[in-house]
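The structure appears below as structure tokens.
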Amino acid sequence: MSRATTPQPPLHSIPYGSSSHVFPAYNTAASYPSFVPLGRAVTLHVGYAVAGLMDALRWDLVTRHIIQDSEIRANVVKSVTLNGLSVVSAYAWEFVIVPLLRGPTQRRISMAFQGLWLVPLASISLLLNARWCSAIAARVFMLQYGRSNMSADAGGYSGVLNAAAASAYRFALLFTSVVSGLLLTRVPYFGWPAAVIFLCWVDSFYICESVWIARGMSLAARVKYLEERWVYFLAFGLPVTLSCAFLPALPSTAVFAFFLPFHIIMAHHARPLPLHPYTPLPPQGSKGTLLLPSPFIPVRVPVFAPAIWMNDWIVRLIGAGAGVRRAPVRRPQDPFGMNEADRASTPLAPRMGPTLRTHTARTAA
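For reference, each letter of the sequence shown is one residue, going 58 to 422 in the working numbering.
This is the structure in structure tokens:
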């Protein structure tokens with residue numbers, strides 16, 4: 058005598074494009090979900106990586122914006138001129154002056170050159186580069202998408218306070234991210250490659266953050282967006298990371314600042330893949346079977362989890378020492394179809410920061 062089974066909703070009833078990972082229960086083997094085969098999944102991820110690398114090399118778009126728009130051209134010229142001077146000065150210091158220094162005057166000459174020239178030049182470059190890159194990002198976004206979707210009350214008193222708190226948290230998170238990268242470099246054998254991979258994601262976030270903020274994405278949604286497209290953003294950040302990751306401290310920072318305006322322009326034209334991480338393929342076959350992601354390849358990689366944990370731990374210590382009790386964070390629903398972003402395990406916090414050793418200096422950019 059056969060037992061009656063409770064009917065379950067068919068898999069293809071789940072709408073394509075849903076990024077929710079909550080699926081109906083299945084009682085019979087015939088109704089088990091279907092997954093993307095491992096070979097096909099590998100092919101898809103290779104395609105994501107190729108797309109990210111190609112989007113990071115769209116110098117034709119950079120050239121077109123510089124030629125056609127006078128505002129972008131003016132800011133790029135100013136940024137390249139000042140940062141070019143920083144690059145030349147940093148290289149001259151590391152590879153020309155330092156090898157020539159000998160004897161008891163070495164320390165005094167070194168301190169004088171850095172204190173009277175390199176440090177002031179780097180500080181001025183960071184401050185001005187921040188303004189120029191912000192202007193470039195705003196102009197390219199307006200040309201691409203029109204009006205920004207940032208909150209209208211951002212200029213009010215509460216908006217100013219929120220922006221200040223976000224900036225402080227962002228700087229703290231940058232610092233912990235840099236510490237994580239430095240600690241990775243000390244791990245024998247695979248530490249340096251792991252640090253470069255990590256900084257590819259960090260640099261990608263830093264470059265693309267202006268686009269996401271202009272679109273009105275919450276802080277948690279920005280992190281989730283990158284972590285669910287980890288292959289694409291790993292490849293997107295690879296060129297700029299490799300251009301400075303193997304250099305000494307000062308040249309590394311100067312080179313990153315030099316290339317930053319160009320990569321900000323590329324970020325506004327980027328098309329991160331997959332479009333729908335939890336349903337990477339459209340419905341298959343005549344029945345419209347929806348294939349779920351392969352269980353052998355993670356959908357989301359918690360790139361910033363260690364830095365976020367360290368940052369939140371520091372915030373808790375400061376709050377406990379000051380006798381402040383943290384109120385629960387209300388997480389509003391995020392626009393642009395990422396409704397579950399704020400339910401993710403990632404805390405609501407700004408993210409970012411770039412390359413080895415001296416990437417702390419890049420926040421101002």
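Glycine residues also receive a C-beta, built at the ideal position from the N, C-alpha and C atoms.
By the three-class DSSP mapping on this structure, what secondary structure does THR336 have? coil
Helix, strand or coil: which one does DSSP assign to PRO392? Bear in mind that the predicted position of PRO392 carries a pLDDT of just 37, short of 50, making it unreliable; the figure below should be weighed with that in mind. In the structure shown, PRO392 sits in coil (DSSP, three-state: anything other than H, G, I, E or B).
Between which two residues does the alpha helix (DSSP H) holding THR120 run? 116-125
Kindly indicate which residue of TRP116, ASN140, TRP258 and VAL176 has the alpha-carbon position closest to the one of PHE290. Among TRP116, ASN140, TRP258 and VAL176, the Cα nearest to that of PHE290 belongs to TRP258.
N- and C-terminal bounds of the alpha helix (DSSP H) containing PHE319: 306-326
State the CB to CB distance for the pair PRO359 and GLU284, rounded to an integer number of angstroms; the pair is presumed to be in contact (CB under 8 Å). 6 Å
Shorter than 8 Å from the beta carbon of ALA147 to some beta carbon of chain B? Protein chain content of the structure displayed is limited to a single chain, and chain B is not contained in it.
Beta-carbon gap between ALA108 and HIS320 smaller than 8 Å: no
Nearest to PHE315 by CA position, among LEU139, ARG164 and MET111, is which residue? When each option's Cα is compared against that of PHE315, the closest is LEU139.
Own chain residues within Cβ distance below 6 Å of SER136, not counting five before or after: ASN186, TRP189 and PRO318
Close Cβ partners of GLU151 (< 7 Å) along its chain, the five nearest in sequence each way excluded: PRO305, LEU307 and PRO308
So the alpha helix (DSSP H) GLU284 belongs to, where does it begin and stop? 276-284
Identify whether LEU349 lies in helix, strand or coil by the three-state DSSP scheme. strand
Indicate whether ARG115 and MET323 have their beta-carbon atoms separated by less than 8 Å. yes
Distance, Cα to Cα, PHE255 vs GLU266? 17 Å
Rounded C-beta distance between ALA106 and VAL253? I'm assuming under 8 Å. That pair is no contact at about 15 Å.
Cβ pair LEU348, VAL99 closer than 8 Å: no
GLN163 versus PHE170 - alpha carbon distance: 11 Å
Since ILE166 is in the alpha helix (DSSP H), which residue starts that stretch and which ends it? According to the DSSP assignment, ILE166 belongs to the alpha helix (DSSP H) that extends over 163-170.
Whole-angstrom distance between SER91 and GLY141, CA atom to CA atom: Distance between the alpha carbons of GLY141 and SER91: 54 Å.
Bridge partners of GLN341, per DSSP? THR346
Closer than 7 Å by C-beta to VAL145: which residues in its own chain qualify, once you throw out the five before and the five after it? Chain order, please. none
Determine the contact status of PRO337 and PRO331, defining contact as a CB-CB distance below 8 Å. yes
Using CA atoms only, rank isn't needed, just tell me which of ARG97, VAL236, GLY104 and LEU118 is closest to TRP366. Nearest option by C-alpha distance: VAL236.
Just to confirm before moving on: does the CB-CB distance between ARG286 and PRO329 stay below 8 Å? It is a contact, given that the beta carbons lie within the stated cut-off.
Going by the beta-carbon positions, is the gap between SER143 and ALA302 smaller than 8 Å? no
Excluding the 5 residues preceding and the 5 following HIS122 in the sequence, name in chain order all residues of the same chain whose CB lies nearer than 6 Å to its CB. Counting only residues of its own chain and dropping the five nearest sequence neighbours on each side, HIS122 has a CB closer than 6 Å to the CB of ILE129 and ILE322.
Answer yes or no: do LEU295 and LEU110 have a C-beta to C-beta separation smaller than 8 Å? Going by C-beta atoms, LEU295 is nearer than 8 Å to LEU110.
Counting C-beta neighbours from all protein chains within 10 Å, is the total for PHE198 16 or more, i.e. buried, or is it exposed? buried
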